[in-house]
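Chemist: One structure coming up, written as structure tokens, with questions to follow.
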Amino acid sequence: MLQEAVTKLGACPHDCPDTCSMIYTVEAGRLTEVRGNPDHPMTRGALCAKVKDFDKHHYNPDRVLYPMRRSGPKGSGRFARITWDEALAEVHRRFTGIIATHGAEAILPYNYLGNEGVVQGLTVGDAFFNRLGATVAEKTFCGSGSCTAWLLTVGPTNGTDPMSFAQSKYIVIWGCNSVSTNIHHWHVVKEAQRNGAKVVVIDPYRSRTAKEADWHLMPKPGTDGALAMAMINVIVEEGLTDADYVARHTVGFEPLKERAAAFTPEYAETICGIPAADIRRLAREYATTRNAALRPGIAVERSAGGAQALRAIFSLPALTGSWKDPGGGVYQMPLWEFPVHWDRVCRPDLIPEGTRALNVLKLGEILNGEAGIDPGIHALMVYNANPVSNSTETEKIKRGLAREDLFTVVSEHFVTDTARYADILLPATMAAEHDDMMFSWGHFFFTLNQKAIEPPGEAVSNAELFRRLARTFGFTEPQFSMDETALMEWYLDWDSHKLGGIDMAYFREHGYYRLDIGEPATRTPHAEGNFPTPSGKCEFFSQSAIDNGNFVAPPFRQMYEAQQGGEVLDPLPGYVPANERPETNPGQAERYPLNIVSPKSHGFLNSQYANEAHKIRSQGEQAILINPRDALTREITEGSLVKVFNDRGAFHGQAKVTDDVPPGMVVASLGYWHSLNRGGAVNVISSSTYGGMGHSPTFSDNLVQVGLAQ
Ligand SMILES: Nc1nc2c(c(=O)[nH]1)N[C@H]1C(S)=C(S)[C@@H](COP(=O)(O)OP(=O)(O)OC[C@H]3O[C@@H](n4cnc5c(=O)[nH]c(N)nc54)[C@H](O)[C@@H]3O)O[C@H]1N2
Ligand SMILES: Nc1nc2c(c(=O)[nH]1)N[C@H]1C(S)=C(S)[C@@H](COP(=O)(O)OP(=O)(O)OC[C@H]3O[C@@H](n4cnc5c(=O)[nH]c(N)nc54)[C@H](O)[C@@H]3O)O[C@H]1N2
Ligand code: SF4
Ligand SMILES: [Mo]
95 MLQEAVTKLG
105 ACPHDCPDTC
115 SMIYTVEAGR
125 LTEVRGNPDH
135 PMTRGALCAK
145 VKDFDKHHYN
155 PDRVLYPMRR
165 SGPKGSGRFA
175 RITWDEALAE
185 VHRRFTGIIA
195 THGAEAILPY
205 NYLGNEGVVQ
215 GLTVGDAFFN
225 RLGATVAEKT
235 FCGSGSCTAW
245 LLTVGPTNGT
255 DPMSFAQSKY
265 IVIWGCNSVS
275 TNIHHWHVVK
285 EAQRNGAKVV
295 VIDPYRSRTA
305 KEADWHLMPK
315 PGTDGALAMA
325 MINVIVEEGL
335 TDADYVARHT
345 VGFEPLKERA
355 AAFTPEYAET
365 ICGIPAADIR
375 RLAREYATTR
385 NAALRPGIAV
395 ERSAGGAQAL
405 RAIFSLPALT
415 GSWKDPGGGV
425 YQMPLWEFPV
435 HWDRVCRPDL
445 IPEGTRALNV
455 LKLGEILNGE
465 AGIDPGIHAL
475 MVYNANPVSN
485 STETEKIKRG
495 LAREDLFTVV
505 SEHFVTDTAR
515 YADILLPATM
525 AAEHDDMMFS
535 WGHFFFTLNQ
545 KAIEPPGEAV
555 SNAELFRRLA
565 RTFGFTEPQF
575 SMDETALMEW
585 YLDWDSHKLG
595 GIDMAYFREH
605 GYYRLDIGEP
615 ATRTPHAEGN
625 FPTPSGKCEF
635 FSQSAIDNGN
645 FVAPPFRQMY
655 EAQQGGEVLD
665 PLPGYVPANE
675 RPETNPGQAE
685 RYPLNIVSPK
695 SHGFLNSQYA
705 NEAHKIRSQG
715 EQAILINPRD
725 ALTREITEGS
735 LVKVFNDRGA
745 FHGQAKVTDD
755 VPPGMVVASL
765 GYWHSLNRGG
775 AVNVISSSTY
785 GGMGHSPTFS
795 DNLVQVGLAQ
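Per my numbering, residue 95 is the first one in the sequence shown, and the count goes up by one each step.
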């Protein structure tokens, strides 16, 4: 007899602002289709190009299905199957040996957002590693500088609802490629555009999103601070501020005005390259159009001055009073108001007093002993992450991972560039094979992901992996034996008014719930100030920047109170020159004259899917976008195999000679695997230097040279 197809409501597990609600179809125990949920107001029934055949991803024959032990040299990717008991016993034996000799801090967890769920995501191993006494990993790949800037200026508020952009009449998308990276918000922007909104994109190259804008402005990478300060200059000089709003709901207008006085559009033009007349026009249009919204992306923070630029950007709507309008204000990362007991998830109370934290953007230095740490790292456990693709100075990471005395455990779906170095490789489930609860950084919905099929082989969820590890180490805290549903029940703050009295049964029936924090069409959270800052106002001038100094906000260093980093910060927004630009670093630019920007690809999700032939076919091989002028002087023509390099490393790609990129800059998208690409991938050239705040990365602040490959 034919079995009926059954459906389950799920959620996309990816590190993507859209957090789509999905419908899994299962026939005879097999996942046969994954669709976007038509009822969900952001998903609107459609998944992106990456995930629309998600069922096939689950059945990829290359998946890691069993625990394995390395059987070839490190990096060879050769493994032999073992049992779970053997794998766990070996991890136990090696970890306890290392703890006995070097102390528990010699063990470093490295994880990020391969999966983004409250249960299976960024924080899944924290309680276990805290209990073990391991080094606390600080993980600031994405949004950390921006969040520090946000908290200093407006505090932990969700800000503008991305759905409120339907009401906007002027939209500035700043360093964000929404068409590829936030497609479900782009639909809202398009709707506003059809209703007469002007869409402005600020991006150093003509991205897919820039091509669809009404107006595209091209600052040099890492110079947004000058542009934003010049906008403030024009708004103040031309009397375009909302004086009443400024007087009642802001702190530090006078010193900001004084700081901005130097940033005439003419001066800013010399820094960012945008004509002064355009800067004036942008400032005037933004300040004088009601319902003007800002959407800064993740890329703005990726330079020495990125976070300071963002503080200037976040100051704009308080200067003009656009927080008063539905579809005004700023959509940054609206994750602050999800009612989750993060202290229960991460268990900071289990961290032994005095345990050090290390930032894993510096993994190469850490593993090679350059970071001057004692004890050095003798064991590394990687899960939800692929540092060889996504971290910085990745040649150095590979050298570190090749150390014979380093014990490396990796939990993965595939034998990634990182997994190739594992001593013990463990099989992980994909989304349809486990339960999870997703918060979002691109809308206000909690979304339940329900297990729809049994995992293949011996794959286990991350939560189950840490249950098994905790049992092996004899840890008895109750959460180490709670199943996924019990964890969700315990983690969510069901008493919060934002959950409106619903329960798990509601989620199982409906799949998602919109937080009770106002309706998108009318919502104006800061019309009357109400900024959750120390002063209760929008802080142009931040006393805490002086008093408390730099800090890494949650969630980047576990989800508990912000960590103070010590260095005193500038109390005002401003322009800080990039580390690596021809004007600021002429010595380096002599050898490496081109700035490189490495945004997200359209077809991959960070490094995920970049091992699947059909996805590579639609995305194309690694391309290096270069201006015809820079190509000509290097005898590069369309399709030439080129080498991109600096002192940190070299990788190859195919030249795409195009006016989409201005002279002096090249673009190479993130995600390609070293093992499948000729000679490395883009992060071999990325510096591990922090950006200005929150220990953000500097992926947009690197100089390289490009030449024909030999
Ligand atoms: N298709 C796809 N979608 C994704 C992802 C993916 O890998 N693929 N990854 C997800 C993740 S983890 C994230 S964080 C988001 C990120 O999504 P976005 O915020 O869109 O970030 P990026 O794609 O890195 O960069 C966006 C744009 O910023 C520009 N840019 C780079 N440097 C600068 C600068 O200094 N100033 C300005 N003004 N612009 C600059 C780049 O040219 C690029 O076009 O996307 C998520 N969505
Ligand atoms: N040059 C450059 N570098 C960048 C960026 C850039 O724009 N330019 N972007 C940065 C940003 S914004 C981010 S967010 C980071 C992303 O860095 P990562 O979080 O490392 O990125 P992903 O490639 O999405 O995921 C890593 C791995 O997690 C695995 N995984 C997925 N789900 C699970 C699971 O449930 N369990 C386990 N055990 N594993 C799982 C996947 O198979 C994948 O190999 O990269 C950063 N690096
Ligand atoms: S990757 Fe983003 S856009 Fe694509 S299905 Fe997942 S949440 Fe939706
Ligand atoms: Mo990210």
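All residues carry an ideal CB built from backbone N, CA and C; glycine is no exception.
Is LEU207 near ligand 4, in the sense that its beta carbon is under 8 Å from a heavy atom of that ligand?
Modeler: LEU207: yes, Cβ under 8 Å from ligand 4.
Chemist: Would you be able to state if there are at least three C-beta pairs under 8 Å between the segment 485-504 and the segment 569-589?
Modeler: Judged by Cβ distances under 8 Å, the segment 569-589 makes no contact with the segment 485-504, as fewer than three pairs qualify.
Chemist: Quick one: what does DSSP say HIS310 is sitting in, helix, strand or coil?
Modeler: Three-state DSSP puts HIS310 in a strand.
Chemist: With 16 as the cutoff for other CB atoms within 10 Å, does TYR153 come out buried or exposed?
Modeler: Exposed is the call here.
Chemist: Mind reading off the beta-carbon distance from ARG157 to PHE508? Whole number of angstroms is fine, and I expect it under 8 Å.
Modeler: Rounded, the Cβ-Cβ distance is 6 Å, consistent with contact.
Chemist: With DSSP run on the structure shown, which of helix, strand or coil describes ILE471?
Modeler: Of the three classes helix, strand and coil, the one that applies to ILE471 here is coil, per DSSP.
Chemist: Is it the case that the Cβ atoms of PRO420 and CYS366 are separated by a distance below 9 Å?
Modeler: No, Cβ-Cβ distance for PRO420 and CYS366 is not below 9 Å.
Chemist: In angstroms, rounded to a whole number, what distance separates the CA positions of PRO481 and GLY785?
Modeler: Using only the alpha carbons, I get a separation of about 19 Å.
Chemist: The alpha helix (DSSP H) that contains GLY239, what's its start and end?
Modeler: Run containing GLY239: 238-247, per the alpha helix (DSSP H) assignment.
Chemist: Can you pull the DSSP bridge partners for LEU797?
Modeler: ASN689.
Chemist: Could you tell me the alpha carbon to alpha carbon distance between THR344 and ALA412, rounded to whole angstroms?
Modeler: Taking the straight line joining both Cα atoms gives about 7 Å.
Chemist: The beta strand (DSSP E) spanning ILE518 covers which residue range?
Modeler: Per DSSP, ILE518 belongs to the beta strand (DSSP E) from 518-521.
Chemist: Compute the Euclidean distance between the alpha carbons of ALA198 and ARG164, then round it to the nearest angstrom.
Modeler: Taking the straight line from one Cα to the other gives about 24 Å.
Chemist: Tell me, to the nearest whole angstrom, how far the beta carbon of GLY743 is from that of VAL778; I am working on the premise that it is less than 8 Å.
Modeler: Going by Cβ atoms, the distance from GLY743 to VAL778 rounds to 3 Å, so yes, they are a contact pair.
Chemist: Start and end of the alpha helix (DSSP H) containing PRO298?
Modeler: No alpha helix (DSSP H) contains PRO298, which DSSP labels as neither H nor E.
Chemist: At what residue ranges does the segment 189-269 contain a whole run of the beta strand (DSSP E), taking only runs of 3 or more?
Modeler: You should have 201-205, 230-232, 264-268.
Chemist: Between the alpha carbons of GLU431 and TRP535, how many angstroms are there, rounded?
Modeler: GLU431 and TRP535: Cα-Cα distance of roughly 10 Å.
Chemist: What does a CB cutoff of less than 6 Å around MET325 pick up in its chain, not counting 5 residues either side in sequence?
Modeler: Contacts found: ALA377.
Chemist: Looking at the secondary structure, which residues open and close the alpha helix (DSSP H) in which GLU459 lies?
Modeler: GLU459 -> alpha helix (DSSP H) spans 457-461.
Chemist: Taking MET323 as part of the alpha helix (DSSP H), name the residues at either end of that continuous run.
Modeler: First-last of the alpha helix (DSSP H) with MET323: 318-331.
Chemist: ARG175 bridges to which residues according to DSSP?
Modeler: DSSP output for ARG175 lists MET162 as bridge partner(s).
Chemist: I want to check one thing, is the minimum distance from the CB of ASN480 to the heavy atoms of ligand 2 below 8 Å?
Modeler: Result yes, Cβ under 8 Å from ligand 2.
Chemist: For the segment 363-421, which segments carrying the beta strand (DSSP E) assignment without a break, of at least 3 residues, lie completely within its bounds, in sequence order?
Modeler: The qualifying runs are 386-390.
Chemist: At the level of alpha carbons, what is the spacing between ASP440 and VAL330?
Modeler: First, the amino acid is wrong: residue 440 is Cys here, not Asp. Using only the alpha carbons, I get a separation of about 45 Å.
Chemist: Bridge partners of TYR477, per DSSP?
Modeler: The partner list for TYR477 (beta bridge, DSSP) reads ASN205, SER505.
Chemist: Can you list, in chain order, the residues of its chain with a C-beta nearer than 7 Å to that of ALA552? Leave out the 5 residues immediately preceding and following it.
Modeler: Correcting the residue identity first, residue 552 is Glu in this sequence and not Ala. Around GLU552: LEU159, TYR160, PRO161, TRP178, PRO521.
Chemist: Regarding ASP587 and ligand 4, is the C-beta to nearest heavy atom distance less than 8 Å?
Modeler: Incorrect: ASP587 has no Cβ contact closer than 8 Å to ligand 4.
Chemist: Does DSSP put ALA513 in a helix, in a strand, or in coil?
Modeler: Residue state, collapsed to three classes: helix.
Chemist: Just checking PHE533 against ligand 1 - is the residue's beta carbon closer than 8 Å to any of the ligand's heavy atoms?
Modeler: The answer is no for PHE533.
Chemist: With H, G and I counted as helix, E and B as strand and the rest as coil, what does DSSP make of GLU655?
Modeler: Unreliable positioning characterises GLU655 in this predicted model, as indicated by a pLDDT of 49, which lies under 50. The coordinate reading is nonetheless provided below. It is coil, neither helix nor strand.
Chemist: Rounded C-beta distance between PHE189 and ILE201? I'm assuming under 8 Å.
Modeler: About 6 Å separates the two Cβ atoms, so the contact holds.
Chemist: What residues are listed by DSSP as bridge partners for GLN702?
Modeler: Paired residue(s): LEU699.
Chemist: Any idea if MET653 is buried or exposed, counting beta-carbon neighbours within 10 angstroms, 16 or more meaning buried?
Modeler: Caution applies to MET653, whose pLDDT of 46 falls short of 50 and renders its modelled position unreliable; the value that the coordinates give is listed next. Classification of MET653: buried, given that the 10 Å Cβ count is 16 or more.
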